[in-house]
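Residue numbers (the working numbering): 2 to 107. Every residue, glycine too, gets a C-beta built ideally from N, C-alpha and C. The structure appears right after this line, and notes come after that.
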């Protein structure tokens with residue numbers, strides 16, 4: 002029995018034109034005045050938390066709970082803003098996969 006299915010959203014379920022990456026860069030630049038190191042980061046398949054921690058390390062920003070909270074508050078703002086202007090499309094096969102998952106016994 003399948004109990005949990007996790008997805009990496011961007012590029013797996015939808016294509017957003019790298020809205021998440023853009024929102025990360027915008028948040029680091031506007032909130033922390035940090036423009037260093039994000040271009041070297043690999044985003045694919047990683048959690049947002051691990052990416053923020055790495056961004057903090059590359060930019061000598063203390064990885065405090067307050068800075069994580071500050072980052073994610075602004076990140077969601079920028080992500081919403083960028084997604085509203087992006088050409089988002091659903092990846093091929095997603096609807097079929099979701100229907101197949103929905104038909105599994107619970």
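- Task: Would you give the residue range spanned by the alpha helix (DSSP H) that residue 81 belongs to?
- Result: Along the chain shown, read from residue 1 onward, the residue named residue 81 stands at position 80. Residue 81 -> alpha helix (DSSP H) spans 66-84.
- Since residue 83 contacts residue 30 with CB under 8 Å, what's their CB separation in whole angstroms? Within the chain shown, numbered from 1, the residue matching residue 83 stands at position 82. Within the chain shown, numbered from 1, the residue matching residue 30 stands at position 29. Not confirmed; about 13 Å, so no contact.
- Item | Alpha carbon of residue 64 to alpha carbon of residue 72, nearest angstrom | The residue you call residue 64 lines up with position 63 of the chain shown. The residue you call residue 72 lines up with position 71 of the chain shown. Using only the alpha carbons, I get a separation of about 10 Å.
- Query: Which residues mark the beginning and the end of the alpha helix (DSSP H) in which residue 25 is found?
  - Reply: On the chain shown, residue 25 is found 24 positions in, with the first residue counted as 1. Taken as a continuous stretch (DSSP letters only), the alpha helix (DSSP H) holding residue 25 covers 20-33.
- Item | First and last residue of the uninterrupted alpha helix (DSSP H) at residue 42 | For the purposes of this step, residue 42 is taken as residue 41 along the chain shown, with counting starting at 1. Unbroken run through residue 42: none, as it is neither H nor E.
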